[in-house]
Amino acid sequence: MENYEIIQTIGEGSFGQVSKIRRKADGKLLVWKEIKYGAMNEREKQQLVAEVNILRELRHPNIVRYYDRLIDKVNSRIYIVMEFCEGGDMSGVIKKCKRDRDFLPEEIIWKIFMQIVLALHECHKRKDGKILHRDLKPANIFLDSSMNVKLGDFGLSRMMGQESEFAKTHVGTPYYMSPEQITDSHYNEKSDIWSLGCLLYEFASLSRPFEAPNAGALAVKIKSGKVEKLPTRYSEELQRVVNWMLNMDPNMRPSVEDLLNLSQVSLRIREKKFRENQLALKKKEEELKKKEAEINAIEEENRLKRLELDERENKLRELELR
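The UniProt record's numbering applies: residue 1 is where the sequence shown begins, and numbers increase by one.
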């Protein structure tokens, strides 16, 4: 606890606050999620342990990075230290677009979508057990200062066994729930794909695909599977991908591999890798230039020392000749 300094509270949940903090050792900005576990029941405590374990295991550029966990047993609190995403989240972006009456450019939508797919691929295709996110929503899609996507909040995640055993727990944000979740049926990673379809729809239309005044009416709408078309400003391809993910039959929905192979996604992945390689090369060039400058400085220092020695030797010779 003493290794961190609290800067400000940036959010509040049912079990505690989320605070922006500074690591004293190097001044790095991070966040910690304070969770009061004293009043939790056994199921909630297990869920908390699962979230921490999942965060510790996941390492991916498009997933919020876990740094540390601190336990305050006296006050029954746990603090999960994570990456600070200073760009906010997609719910904030959507609100701003609505306020400004401005749609997101399709290029930006594909770029965001591509990064979420990469993050889900890391979750769904892990060799030591798949992870379902189970609560994909705009508020859980974070952004860094360069508008890079970071998938976060794995509080409702579930690790699945090697046989991809099915989950059957009613969790998640109702607006983004799949029909199989709504009907309490068994479900797998294709439920995350449905939720991703809801997200892609909302990024384009700035409204959820399924809206209703109450849970019962919402369930009816989701089970109908009927959604309005995207605004005409967007391509048929974007509409087709949304429809594919919002298929009522989970088996007919794409897998993360199918989504990665979409031309709009695979092209942007190649572009992303190219930019990353360019940045890596630039970094190496800068390191080489720095080393070259250091070597030049040492050589110059040695040259000056040689000149100084030569000068001293010349003076000694002059003294000897007198």
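No residue lacks a Cβ here, since even glycine has one placed at the ideal position from N, Cα and C.
*asked:* Let's test the definition: count the other Cβ atoms within 10 Å of the Cβ of residue 274 and tell me whether it reaches 16, buried, or not, exposed.
replied: Taking the first residue of the sequence shown as 1, we reach residue 274 at position 274. Residue 274 should be labelled exposed.
*Look up residue 253 in the DSSP assignment and give the residues it is bridged to.*
Position 253 of the sequence shown, counted from the first residue, corresponds to residue 253. Looking at the DSSP assignment, residue 253 forms no beta bridge with any residue, so it has no partner.
*asked:* Is the beta carbon of residue 206 closer than 8 Å to that of residue 241?
replied: For the purposes of this step, residue 241 is taken as the residue at position 241 of the sequence shown. For the purposes of this step, residue 206 is taken as the residue at position 206 of the sequence shown. Contact flag unset, no.
*Cα separation between residue 234 and residue 106?*
Here residue 234 refers to the residue found at position 234 of the sequence shown. Here residue 106 refers to the residue found at position 106 of the sequence shown. So the two alpha carbons sit approximately 7 Å from each other.
*With distances taken between CB atoms, is the gap from residue 69 to residue 49 smaller than 8 Å?*
Counted from its first residue, the sequence shown places residue 69 at position 69. Counted from its first residue, the sequence shown places residue 49 at position 49. It is not a contact, given that the beta carbons lie outside the stated cut-off.
_C-alpha distance - residue 138 paired with residue 148, whole-angstrom precision_ = Within the sequence shown, numbered from 1, the residue matching residue 138 stands at position 138. Within the sequence shown, numbered from 1, the residue matching residue 148 stands at position 148. Approximately 14 Å, taken between the alpha carbons.
_beta strand (DSSP E) segment containing residue 16, residue limits_ = Within the sequence shown, residue 16 is the residue found at index 16, counting from 1. From DSSP, the beta strand (DSSP E) with residue 16 extends over 16-23.
_Burial state of residue 34, where buried means 16 or more other Cβ atoms lie within 10 Å_ = Taking the first residue of the sequence shown as 1, we reach residue 34 at position 34. Buried.
_Neighbourhood of residue 239 by C-beta distance below 6 Å, restricted to the same chain and skipping five residues each side_ = Here residue 239 refers to the residue found at position 239 when the sequence shown is read from its first residue. Contacts found: 230.
_Does residue 83 come out as helix, strand or coil in the three-state DSSP assignment?_
As a first step, residue 83 must be located in the sequence shown, where it is residue number 83. Strand, per DSSP.
*Verify the contact flag: residue 231, CB atom, against every heavy atom of the ligand FAD, threshold strictly below 7 Å.*
As for the ligand FAD, it is missing from this structure, which has no ligand bound.
*Quick one: measure Cβ to Cβ for residue 82 and residue 30, integer angstroms, because I've assumed they're closer than 8 Å.*
By 1-based counting over the sequence shown, the position of residue 82 is 82. By 1-based counting over the sequence shown, the position of residue 30 is 30. Contact holds; Cβ gap of about 7 Å.
*asked:* Taking the alpha-carbon of residue 141 as reference, which of 272, 94, 44 and 80 has the nearest alpha-carbon?
replied: In the sequence shown, the residue the question calls residue 141 occupies position 141. Of the listed residues, the one whose Cα sits closest to residue 141 is 94.
*asked:* Is the separation between the beta-carbon of residue 132 and that of residue 72 shorter than 8 Å?
replied: To locate residue 132, count along the sequence shown from 1; it is residue 132. To locate residue 72, count along the sequence shown from 1; it is residue 72. Cβ distance not < 8 Å, so residue 132 and residue 72 don't count as in contact.
*Can the beta-carbon of residue 87 be found less than 8 Å from the beta-carbon of residue 145?*
As a working mapping, residue 87 is identified with position 87 in the sequence shown. As a working mapping, residue 145 is identified with position 145 in the sequence shown. A contact, by the Cβ cut-off of 8 Å.
_Just verifying my parser: in three-state terms, what is the DSSP assignment at residue 57?_
If you number the sequence shown from 1, residue 57 lands on position 57. Reduced to three states, the DSSP call for residue 57 is helix.
*Mark residue 249 as exposed unless 16 or more other C-beta atoms lie within 10 angstroms of its C-beta, in which case mark it buried.*
Here the question's residue 249 lines up with position 249 in the sequence shown. It counts as exposed.
*To which residues does DSSP link residue 89 through a beta bridge?*
For the purposes of this step, residue 89 is taken as the residue at position 89 of the sequence shown. Bridge partners of residue 89: 142.
*Would you call residue 181 buried or exposed, if buried means 16 or more other Cβ atoms sit within 10 Å of its Cβ?*
In the sequence shown, counting from the first residue as 1, residue 181 sits at position 181. Residue 181 is buried by the Cβ-count criterion.
_Less than 8 Å between C-beta atoms, sequence neighbours within five positions excluded: which residues of the same chain meet that for residue 28?_
In the sequence shown, residue 28 corresponds to position 28, counting from 1. The residues are 22.
*Span of the alpha helix (DSSP H) around residue 238*: Residue 238 sits at position 238 when you count from the first residue of the sequence shown. Where residue 238 is concerned, the enclosing alpha helix (DSSP H) stretches over 236-245.
_Taking the straight line between their C-alpha atoms, what separation do you get for residue 291 and residue 272?_
For the purposes of this step, residue 291 is taken as the residue at position 291 of the sequence shown. For the purposes of this step, residue 272 is taken as the residue at position 272 of the sequence shown. Each residue's Cα considered, the two are about 28 Å apart.
*Can you tell me the Cβ-Cβ gap for residue 62 and residue 118, rounded? I've got them flagged as a contact below 8 Å.*
Against the sequence shown, residue 62 aligns to sequence position 62. Against the sequence shown, residue 118 aligns to sequence position 118. Between residue 118 and residue 62 the Cβ distance is about 5 Å, and since that is below 8 Å, they are a contact.
*Proximal residues to residue 125 (C-beta, below 7 Å), its chain only, five neighbours per side dropped*: Locating residue 125 in the sequence shown gives position 125, where the first residue counts as 1. Around residue 125: 256.
*How should residue 220 be labelled, buried or exposed, when 16 other C-beta atoms within 10 angstroms of its C-beta is the threshold for buried?*
Here residue 220 refers to the residue found at position 220 when the sequence shown is read from its first residue. Counting Cβ neighbours within 10 Å, residue 220 comes out exposed, since fewer than 16 surround it.
_Using CA atoms only, rank isn't needed, just tell me which of 150, 135 and 214 is closest to residue 176._
Looking up residue 176 in the sequence shown gives position 176. It is 135 whose Cα lies nearest to the Cα of residue 176.
*Return the first residue and the last residue of the beta strand (DSSP E) that residue 310 is part of.*
Translated into the one-based positions of the sequence shown, residue 310 becomes position 310. No beta strand (DSSP E) holds residue 310; the alpha helix (DSSP H) holding it covers 263-321.
*Kindly give me the distance between the Cβ atoms of residue 45 and residue 37, rounded to whole angstroms, as I take these residues to be in contact under 8 Å.*
By one-based count along the sequence shown, residue 45 stands at place 45. By one-based count along the sequence shown, residue 37 stands at place 37. At roughly 6 Å, the Cβ-Cβ gap stays under 8 Å, so residue 45 and residue 37 are in contact.
*residue 109 to residue 299 span [Cα, whole Å]*: Translated into the one-based positions of the sequence shown, residue 109 becomes position 109. Translated into the one-based positions of the sequence shown, residue 299 becomes position 299. So the alpha carbons of these two residues sit roughly 53 Å apart.
*Around the C-beta of residue 189, are 16 or more other C-beta atoms found within 10 angstroms, so that it is buried, or is it exposed?*
The count along the sequence shown starts at 1 and reaches residue 189 at position 189. Label assigned to residue 189: buried.
*Per DSSP, what kind of secondary structure is residue 68 in: helix, strand or coil?*
Counted from its first residue, the sequence shown places residue 68 at position 68. Note: residue 68 maps to strand in three-state DSSP.
_For a quick check, are the C-beta atoms of residue 222 and residue 154 less than 8 Å apart?_
Residue mapping note: residue 222 aligns to position 222 of the sequence shown, counting from 1. Residue mapping note: residue 154 aligns to position 154 of the sequence shown, counting from 1. For residue 222 and residue 154, no; Cβs fall outside 8 Å.
_residue 73 - containing alpha helix (DSSP H), residue span_ = By one-based count along the sequence shown, residue 73 stands at place 73. Element bounds for residue 73: n/a, residue is neither H nor E.
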